[in-house]
Amino acid sequence: MKPIIEILEEKVAAVMSELAGEKVPAIVKTSQNVKFGDYQANGVMSLAKKLRKNPRELASEVVAKLDLADMCAAPEIAGPGFINLRLKNDWLTARLVDALGDDARLGVDPVEQVGITVIDYSAPNVAKQMHVGHLRSTIIGDTISRVLEFYIGDPDKVIRQNHIGDWGLQMGMVVWAMQNVMEVDASEMTLADLEDVYRKSNILMKDDPGHGDIFRNSTLKLQNHEEPEISLWQNARKVSLDACIEIYKQLNVLLDNDNVRGESFYTDKLPGVIESLETAGMLKESDGAKVVFMDGYKKPDGEPLPMIVQKSDGAFLYATTDLAAIRFRLDQLKADRVVYVTDARQKLHFDMVFNCAKQAGWVQGDARLDHVPFGTVLGNDNKPFKTRSGENIKLKELLDEAQIRAMAVVEAKSPDLSDQQKQEIAAAVGIGAVKYADLSNNLTSDYVFDWDKMLAMEGNTAPYMQYAYARVQSIFRKGEIDTEQLIADAGNLQLNEEMEIALAKQLLRFGEIIASVASELRPHILTGYLFDLAQAFSSFYSNCPVLKADTSVKESRLMLCYQTAKTIKKGLGLLGIDTIEQM
RNA sequence: GCACCCGUAGCUCAACUGGAUAGAGCGUCGGUCUACGAAACCGAAGGCUACAGGUUCGAAUCCUGUCGGGUGUACCA
């Protein structure tokens with residue numbers, strides 16, 4: 335089924351376009367106030383202006399030609415020319431019946447005409463272990479990838495790419511330190527050893543500038559694939575990457591070794607980038623470096639700001655690698671859309687890289703390059719979240735603490751559950767809370783990391799949603815309900831009470847929410863929807879008895895419960911958050 | 001200097017990208033459990049959307065200016 339809002343948009347726009355003699359939008363939106371109906375078409379007012387007509391008259395012409403009798407009550411014209419649309423109960427009911435039988439997609443059609451999307455996210459530097467700085471990219475990117483996959487309905491059309499940092503000076507430093515200050519054999523190296531050599535090499539770099547040359551030399555050898563540097567590099571990289579994959583598992587993020595295509599992957603493609611820019615006539619030389627000048631970028635002194643693609647010593651930079659990655663993704667992976675999920679501080683960088691790729695003619699047809707910038711995770715002091723001593727907080731420690739804190743809550747609230755159940759709940763709630771707190775924030779703003787708030791059971795949090803789910807499931811357990819029979823009887827569904835109808839309408843909005851997250855790439859639209867849904871359910875739950883109701887009412891309410899559980903589970907699933915049956 | 005992001009209830013944030021009376025949560029105050037799970041529900045109070053102009057049927061949203069905060073600004077990523 336197509337989202338309701340799309341059906342209405344198409345129908346109203348068709349009539350308006352006919353009257354206008356050209357294609358015009360209906361601008362259908364959900365109404366903010368119930369007294370204005372469920373949806374409203376706002377396009378008539380601007381069209382009236384264009385046609386120099388009275389907007390209310392035009393609205394009545396549109397309404398007269400509109401054939402929505404099957405799904406809506408008679409449209410009302412209000413205010414300066416709004417067309418208010420109220421869904422009919424019968425239509426709503428029939429639609430929910432259809433959705434009830436569809437466990438996989440909840441009655442939401444896949445959108446087949448969309449092409450391949452490559453999504454670049456997480457991208458840790460493997461010279462050290464993951465820290466809070468990688469949290470947002472990892473979980474926002476993961477959510478977007480899951481939503482796009484569901485939206486398109488074809489797993490082959492969403493390609494996840496983990497652009498790890500595995501080829502720079504930092505790896506050269508690590509490789510040198512492995513040879514000179516590490517006490518264990520490279521083959522037995524652990525993550526702690528990696529941390530140790532990373533820290534030591536950084537201290538050397540800081541204390542003795544002379545080490546810069548040593549490290550650069552080590553990096554050069556590595557980049558020439560010399561031994562033993564290249565073998566040591568492989569060792570360190572594997573140790574680090576294995577740890578990342580562990581974190582992805584703990585975080586419930588869909589990244590694995592298959593998705594890794596880091597900087598090192600592109601090294602042999604870098605000279606080609608320079609050549610191609612040269613051919614396009616875009617390459618200039620400036621202070622010995624090879625650069626690209628583009629309009630609109632200025633240095634502090636007012637002179638044009640170039641994008642450097644090759645340093646004066648011949649080395650390439652991250653701009654070069656990103657350009658190579660764009661070409662690879664467009665040409666080899668056949669991407670129609672490439673989505674980059676990175677810190678907002680890299681906005682200028684991607685702006686330049688995207689512009690350069692477009693000017694070089696690499697971006698064909700309708701292909702899109704999207705940057706999804708996000709704000710910083712802050713501590714209580716409103717500064718980037720660090721330990722008291724100013725170190726980056728390790729992601730592993732953060733996630734473990736989330737589970738420990740969630741466990742404390744579970745112990746307090748549900749002491750009678752088995753230890754294993756408590757463990758599972760603590761994992762789902764703890765990790766879910768961290769992810770949900772992040773995803774429910776608007777992307778562009780920074781947010782303050784606050785354990786108490788994210789683990790609170792009241793308000794727009796993961797535990798609130800998980801609790802709503804657990805309560806539904808408890809009804810099915812207690813009532814010993816045969817859900818297959820329930821679905822088979824879906825045709826008996828009746829919606830009478832106000833709260834039943836409100837819940838049904840909210841359930842049926844799922845499709846339009848998915849569509850809007852897929853196009854806007856803003857996960858908080860989904861969390862906001864789920865919260866509204868959970869609230870609609872909680873109101874229903876508190877006011878409409880299910881198991882105690884008469885048979886026919888009971889059956890209908892169970893269907894609402896069933897669909898609510900499915901929708902919450904699916905919605906949280908798209909956020910990479912687990913539901914639990916009891917908590 | 002220039003560019004980008006931002007300024008909305010006491011606090012944290014929404015407002016579907018120009019729609020109707022700007023909405024939630026927390027906190028505050030007041031109700032609801034011998035229970036389909038109170039980790040919940042119901043209600044109340046709380047706003048000149050930083051400020052000043054402009055654009056139009058209509059502005060938190062678009063334009064201009066001012067003030068305040070954040071980020072970025074060539075050989076790191």
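One point on numbering: in our numbering, the residue at position 467 of the first sequence is 801, and numbering is uninterrupted.
Here a beta-carbon is modelled for each residue, glycine too, at the ideal position from N, C-alpha and C.
Quick caveat: nothing in here was measured; it's all calculated off a predicted structure.
Checklist entry - For the alpha helix (DSSP H) that contains Thr451, what are its first and last residues? => result Within the first sequence, residue 451 is the residue found at index 117, counting from 1. Segment Thr451 to Asp454 is the beta strand (DSSP E) holding Thr451; no alpha helix (DSSP H) there.
Item to check | Contact set for Arg877: own chain, Cβ-Cβ below 7 Å, skip 5 residues either direction | outcome: Position 543 of the first sequence holds residue 877. Inspection of the sequence shows that residue 877 is occupied by Asn rather than by Arg. Answer for Asn877: Met833, listed in chain order.
Checklist entry - How many whole angstroms separate the CB atoms of Thr654 and Gln644, which I take to be in contact at a CB cut-off of 8 Å? => result Looking up residue 654 in the first sequence gives position 320. Looking up residue 644 in the first sequence gives position 310. The Cβ separation is near 7 Å, so the contact holds.
Checklist entry - In terms of residue numbering, what span does the alpha helix (DSSP H) encompassing Arg386 cover? => result Taking the first residue of the first sequence as 1, we reach residue 386 at position 52. Premise fails: Arg386 is in no alpha helix (DSSP H) and is neither H nor E.
Item to check | Separation of Cys578 from Ile411, as counted between CA atoms | outcome: Residue numbering aside, residue 411 sits at position 77 when the first sequence is read from its first letter. Residue numbering aside, residue 578 sits at position 244 when the first sequence is read from its first letter. Between Ile411 and Cys578, the C-alpha separation is close to 57 Å.
Item to check | Residue span of the alpha helix (DSSP H) that contains Gly630, given as start and end | outcome: Within the first sequence, residue 630 is the residue found at index 296, counting from 1. Per DSSP, Gly630 belongs to no alpha helix (DSSP H); it is in the beta strand (DSSP E), Ala623 to Lys632.
Item to check | Cβ contact (3+ pairs, closer than 8 Å) linking the stretch 498-507 and the stretch 596-613 | outcome: yes
Checklist entry - Cβ atoms of Leu773 and His468: under 8 Å apart, would you say? => result Residue 468 sits at position 134 when you count from the first residue of the first sequence. Residue 773 sits at position 439 when you count from the first residue of the first sequence. Not a contact, by the Cβ cut-off of 8 Å.
Item to check | 3-residue-minimum beta strand (DSSP E) runs that sit fully inside the stretch 350-416, ordered along the chain | outcome: 362-364, 373-375 and 410-412
Item to check | For Ile765, the nearest candidate out of Ile911, Ser872, Arg571 and Phe708 (CA to CA) | outcome: Here residue 765 refers to the residue found at position 431 of the first sequence. Considering only alpha carbons, the answer is Ile911.
Checklist entry - On the premise that Val673 lies in contact with Ile453, defined as a C-beta separation below 8 Å, what is that separation, rounded to the nearest angstrom? => result As a first step, residue 453 is located in the first sequence; it is residue number 119 there, counting from the start. As a first step, residue 673 is located in the first sequence; it is residue number 339 there, counting from the start. Sure, about 4 Å apart at Cβ, within 8 Å.
Next on the checklist: Below 8 Å on the Cβ atoms is my contact criterion, and I expect Leu556 with Met505 to pass it. Report the Cβ-Cβ distance as a whole number of Å.
Outcome noted: Numbered from 1 along the first sequence, position 222 holds the residue referred to as residue 556. Numbered from 1 along the first sequence, position 171 holds the residue referred to as residue 505. That belief holds up - the Cβ atoms of Leu556 and Met505 are roughly 6 Å apart, short of 8 Å.
Item to check | Contact under 8 Å by Cβ, Leu777 with Phe844 | outcome: The sequence position of residue 777 within the first sequence is 443, counting from 1. The sequence position of residue 844 within the first sequence is 510, counting from 1. Result no, Cβ atoms of Leu777 and Phe844 do not sit closer than 8 Å.
Next on the checklist: Assuming Ala870 and Leu837 are in contact, meaning their beta carbons sit under 8 Å apart, how far apart are those beta carbons, in whole angstroms?
Outcome noted: Within the first sequence, numbered from 1, the residue matching residue 870 stands at position 536. Within the first sequence, numbered from 1, the residue matching residue 837 stands at position 503. Ala870 to Leu837, Cβ: 5 Å. Contact.
Next on the checklist: Buried or exposed, going by whether 16 or more other CB atoms sit within 10 Å of the CB of Pro749?
Outcome noted: Here residue 749 refers to the residue found at position 415 when the first sequence is read from its first residue. Exposed, since its Cβ has fewer than 16 Cβ neighbours within 10 Å.
Item to check | Nonlocal neighbours in the same chain, by C-beta distance under 7 Å from Ser610, ignoring five residues either side | outcome: Here residue 610 corresponds to residue number 276 of the first sequence, with the count starting at 1. Result list for Ser610: Ala694, in chain order.
Checklist entry - Any idea what DSSP makes of Asp527, helix, strand or coil? => result Stepping through the first sequence from its first residue, residue 527 is reached at position 193. If DSSP states are grouped into helix, strand and coil, Asp527 belongs with the helices.
Next on the checklist: Within 10 Å of its beta-carbon, does Gln374 have 16 or more other beta-carbons around it, so buried, or fewer, so exposed?
Outcome noted: The residue given as residue 374 occupies position 40 in the first sequence. By the 10 Å Cβ count, Gln374 comes out buried.
Item to check | Per-residue DSSP class, three states only, for His465 | outcome: For this step, residue 465 is matched to residue 131 along the first sequence. Looking at His465 - three-state DSSP - the assignment turns out to be strand.
Next on the checklist: Strictly by DSSP, which residues pair up with His705?
Outcome noted: Reading the first sequence from its first residue, position 371 is the one you call residue 705. His705 pairs with Tyr674.
Next on the checklist: In whole angstroms, give me the CA-to-CA distance for Leu892 and Ser886.
Outcome noted: Position 558 of the first sequence, counted from the start, is the residue given in the question as residue 892. Position 552 of the first sequence, counted from the start, is the residue given in the question as residue 886. For Leu892 and Ser886, the distance between alpha carbons rounds to 10 Å.
Checklist entry - Under a Cβ-count criterion, where at least 16 other Cβ atoms within 10 Å of its own Cβ denotes burial, should Asp590 be classed as buried or exposed? => result Within the first sequence, residue 590 is the residue found at index 256, counting from 1. Exposed.
Checklist entry - Excluding sequence positions up to five away, which residues of its chain have a Cβ less than 6 Å from the Cβ of Tyr863? => result Position 529 of the first sequence holds residue 863. Taken in chain order, the residues that qualify are Ile847.
Checklist entry - Where Tyr631 and Ile642 are concerned, what is the direct C-alpha to C-alpha distance, given to the nearest angstrom? => result Your numbering for residue 631 matches position 297 in the first sequence. Your numbering for residue 642 matches position 308 in the first sequence. One C-alpha to the other measures close to 13 Å.
Checklist entry - From His858 to Ser479, what distance separates their C-alpha atoms? => result Taking the first residue of the first sequence as position 1, residue 858 is located at position 524. Taking the first residue of the first sequence as position 1, residue 479 is located at position 145. So the two alpha carbons sit approximately 14 Å from each other.
Next on the checklist: Quick check on the burial criterion: 16 or more other C-beta atoms within 10 angstroms. Buried or exposed for Phe627?
Outcome noted: Translated into positions along the first sequence, residue 627 becomes position 293. It counts as exposed.
Item to check | Enclosing alpha helix (DSSP H) for Gln737 [first to last residue] | outcome: The residue you call residue 737 lines up with position 403 of the first sequence. Start and end: Leu729 to Lys747.
Item to check | Coil, strand or helix - Gly499 by DSSP | outcome: For the purposes of this step, residue 499 is taken as residue 165 along the first sequence, with counting starting at 1. Looking at Gly499 - three-state DSSP - the assignment turns out to be strand.
Checklist entry - Can you name, in chain order, every residue of its own chain whose Cβ lies under 6 Å from the Cβ of Asp704, other than the five neighbours on each side? => result For this step, residue 704 is matched to residue 370 along the first sequence. Cβ neighbours of Asp704 beyond the five flanking positions: Val673.
Item to check | Cβ-heavy atom distance, Pro634 to the ligand SAH, below 7 Å | outcome: As far as ligands go, the structure on display features none, and thus does not contain the ligand SAH.
Next on the checklist: With H, G and I counted as helix, E and B as strand and the rest as coil, what does DSSP make of Asn826?
Outcome noted: For the purposes of this step, residue 826 is taken as the residue at position 492 of the first sequence. Helix at Asn826.
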